[in-house]
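S.K.: The sequence shown: position 104 = 103 (numbering that gives the first Met the number 0), numbered continuously. Beta carbons: idealized from backbone N, C-alpha and C, even for Gly.
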Amino acid sequence: MNLANYISDLLYRYECVIVPKFGGFVTNNKSARIDALSHTLYPPYRQLTFNSHLKNNDGLLANYISSIDNISYQCAVNYIQFEIDAWNEKLKSQELNLNSLGSFNLVDNQLHFEPQQTINYLTSSFGLSNVMRAEIERETVKAPSVKSIEPKIIPLVEKKASNYLKYAAIFVIGLSAIGFGGKYYQNHLAEKQVVEAKKQQNLLEERIENATFVITKPLPALNLEIESQKKDYHVIAGAFRFPENADRKLKQLLEQGYKSRILGVNKWSLTVVSYGSYATKEEARENLSEIKNNVAKDSWLLIQEY
Numbered sequence: 000m001n002l003a004n005y006i007s008d009l010l011y012r013y014e015c016v017i018v019p020k021f022g023g024f025v026t027n028n029k030s031a032r033i034d035a036l037s038h039t040l041y042p043p044y045r046q047l048t049f050n051s052h053l054k055n056n057d058g059l060l061a062n063y064i065s066s067i068d069n070i071s072y073q074c075a076v077n078y079i080q081f082e083i084d085a086w087n088e089k090l091k092s093q094e095l096n097l098n099s100l101g102s103f104n105l106v107d108n109q110l111h112f113e114p115q116q117t118i119n120y121l122t123s124s125f126g127l128s129n130v131m132r133a134e135i136e137r138e139t140v141k142a143p144s145v146k147s148i149e150p151k152i153i154p155l156v157e158k159k160a161s162n163y164l165k166y167a168a169i170f171v172i173g174l175s176a177i178g179f180g181g182k183y184y185q186n187h188l189a190e191k192q193v194v195e196a197k198k199q200q201n202l203l204e205e206r207i208e209n210a211t212f213v214i215t216k217p218l219p220a221l222n223l224e225i226e227s228q229k230k231d232y233h234v235i236a237g238a239f240r241f242p243e244n245a246d247r248k249l250k251q252l253l254e255q256g257y258k259s260r261i262l263g264v265n266k267w268s269l270t271v272v273s274y275g276s277y278a279t280k281e282e283a284r285e286n287l288s289e290i291k292n293n294v295a296k297d298s299w300l301l302i303q304e305y
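1) Tell me which residues share the same chain as Leu82 and place their Cβ nearer than 8 Å to its Cβ, disregarding the 5 neighbours each side in the sequence.
2) Nearest-angstrom Cα distance between Lys91 and Asn62?
3) Which value, in whole angstroms, describes the spacing of the CA atoms of Asn55 and Arg45?
4) According to DSSP, is Thr122 helix, strand or coil?
5) When you compare the CB positions of Ser7 and Asn96, do they come within less than 9 Å of one another, or not?
6) Considering only residues of the same chain and omitting the five flanking positions on each side of Thr26, which have a CB-CB separation below 7 Å?
7) Taking Cβ positions, are Trp86 and Phe21 nearer each other than 9 Å?
8) Nearest to Gln116 by alpha carbon, out of Pro42, Leu249, Leu202?
9) Whole alpha helix (DSSP H) runs in the stretch 32–110 with 4 or more residues, listed along the chain?
10) In whole angstroms, what is the alpha-carbon distance linking Thr139 and Tyr5?
11) Taking DSSP as the reference, what is the three-state secondary structure of Leu188?
12) With DSSP as the reference, identify every bridge partner of Arg260, one or two as the case may be.
13) With a 10 Å radius around its C-beta and 16 neighbouring C-beta atoms as the bar for buried, classify Trp299 as buried or exposed.
14) With burial defined as no fewer than 16 other Cβ atoms inside 10 Å of the residue's Cβ, what is the status of Ile302: buried or exposed?
15) Assuming contact is defined by CB atoms lying nearer than 9 Å, are Val271 and Ala245 in contact in what I supplied?
16) So that I know if they touch, is there some Cβ in chain C lying closer than 9 Å to that of Leu2?
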C-alpha cells in the first residue's frame, strides 16, 4: 500500500494528517447544499485542503504505518521520507496524482493542490448519494364563479299556544324548584362533612408531632463513586493482530504499575492496548513524553471516546 492510501485511511478519523517535510492534509465539515441550477441535493461532506506550512512530524502517520505493517517506528519514518523524495522528484517535471487525495502542481516553486471530489471522508454520510429532482411546475387554479342566490321571503304566521303547552311549562318550573332545593341540601351536607374531616386531620397531625420514632437498625450509608470526567485521550502501547498478544502486553503493563487497559478492536481487526487514559490533552501529552523518553519510543497518542 502506498503512502497516499495510509493518509486516506487516517482522514476518516482525524481532521488533520501531517506528512513530515511536505505538508498537512486538513478536512473541514460542510453541511448539505442544493444546487439551484442542476436541481441536485448534495449530502454533508468533509472538504479536503492542503497546508504546506504544516511540516513538523507529530508521529501520527509514522505510528499508524508502524502498527499496520508491524515494523518499527524508525522504519516507518524512513519509508515516509523515501516516498516524499520520490514525490518532490516527480513534481519537478510533471503533475503528481495521489489516489483518493488529489493532484499537485509545482508553479513558481509553490505547490498547488486540487482535491478529488469522489470520496466523502465524513463517515456519518456513508451511503448518502447525490439526489436530483425535477423542477416542479405549479398550475394556477381559477376559482369558480359563485352565483348569488336571493333568499326566499317566508311570511310569518302567528300561532296561539295551546293549553297543554301552558301546563307543561308549569310542570317544568316545579321540577326546577324541587331540584334547586335538593341541590341546596346536598351542598350543606358536603360542607358539614368537610368540616368533620378537617377536625380528624388536625387530630392526626397533632399525634404525629407528639410521636417519637426509634430506629433500632439504621440502614448502612451508601458510598457512590461517580466518575467526574471522561477520559478520551489514550497513550497507546501497541495494536496487536492476535488477542493473546494483547492480553500478554496488558498483564505486563499492569504488573509495572500502569493503569493499562484494552480499548477494543479497531476497524483493521487490531486489538489496541493503552498505557493509560487521561481527561485532558495536556496530561496525556505529558505522560506520552515521559514514556517515549524512558520506556518506548514507538508509543503514540489516540484521541477517541470509549
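M.R.: From the atom records:
1) The residue you call residue 82 lines up with position 83 of the sequence shown. Position check: residue 82 holds Glu in this sequence, whereas Leu was assumed. Closer than 8 Å at Cβ, skipping near neighbours: Asn1, Leu2.
2) Locating residue 91 in the sequence shown gives position 92, counting from the first residue. Locating residue 62 in the sequence shown gives position 63, counting from the first residue. If you take the alpha carbons of Lys91 and Asn62, they lie about 29 Å apart.
3) Position 56 of the sequence shown, counted from the start, is the residue given in the question as residue 55. Position 46 of the sequence shown, counted from the start, is the residue given in the question as residue 45. Rounded to whole angstroms, Asn55 to Arg45 spans 23 Å at the Cα level.
4) On the sequence shown, position 123 is the one that residue 122 refers to. Correct three-state label for Thr122: helix.
5) Reading the sequence shown from its first residue, position 8 is the one you call residue 7. Reading the sequence shown from its first residue, position 97 is the one you call residue 96. Their beta carbons are not under 9 Å apart, which means Ser7 does not touch Asn96 by this criterion.
6) Taking the sequence shown and counting its residues from 1, the one referred to as residue 26 is at position 27. For Thr26, where only same-chain residues beyond five positions count, the Cβ hits under 7 Å are Leu10, Glu14, Arg45, Gln46, Leu47, Tyr120.
7) Taking the sequence shown and counting its residues from 1, the one referred to as residue 86 is at position 87. Taking the sequence shown and counting its residues from 1, the one referred to as residue 21 is at position 22. Yes, the Cβ-Cβ distance between Trp86 and Phe21 is below 9 Å.
8) Start at 1 with the first residue of the sequence shown, and residue 116 comes out as number 117. When each option's Cα is compared against that of Gln116, the closest is Pro42.
9) 59–68, 72–90
10) As a working note, residue 139 is residue 140 in the sequence shown. As a working note, residue 5 is residue 6 in the sequence shown. For Thr139 and Tyr5, the distance between alpha carbons rounds to 58 Å.
11) Working through the sequence shown from its first residue, we reach residue 188 at position 189. Here Leu188 sits in helix by DSSP.
12) Along the sequence shown, read from residue 1 onward, the residue named residue 260 stands at position 261. Looking at the DSSP assignment, Arg260 forms a beta bridge with Ser273.
13) The residue given as residue 299 occupies position 300 in the sequence shown. By the 10 Å Cβ count, Trp299 comes out buried.
14) Here residue 302 is taken as the residue at index 303 of the sequence shown, counted from 1. So Ile302 counts as exposed.
15) Stepping through the sequence shown from its first residue, residue 271 is reached at position 272. Stepping through the sequence shown from its first residue, residue 245 is reached at position 246. Closer than 9 Å, so yes.
16) Protein chain content of the structure displayed is limited to a single chain, and chain C is not contained in it.
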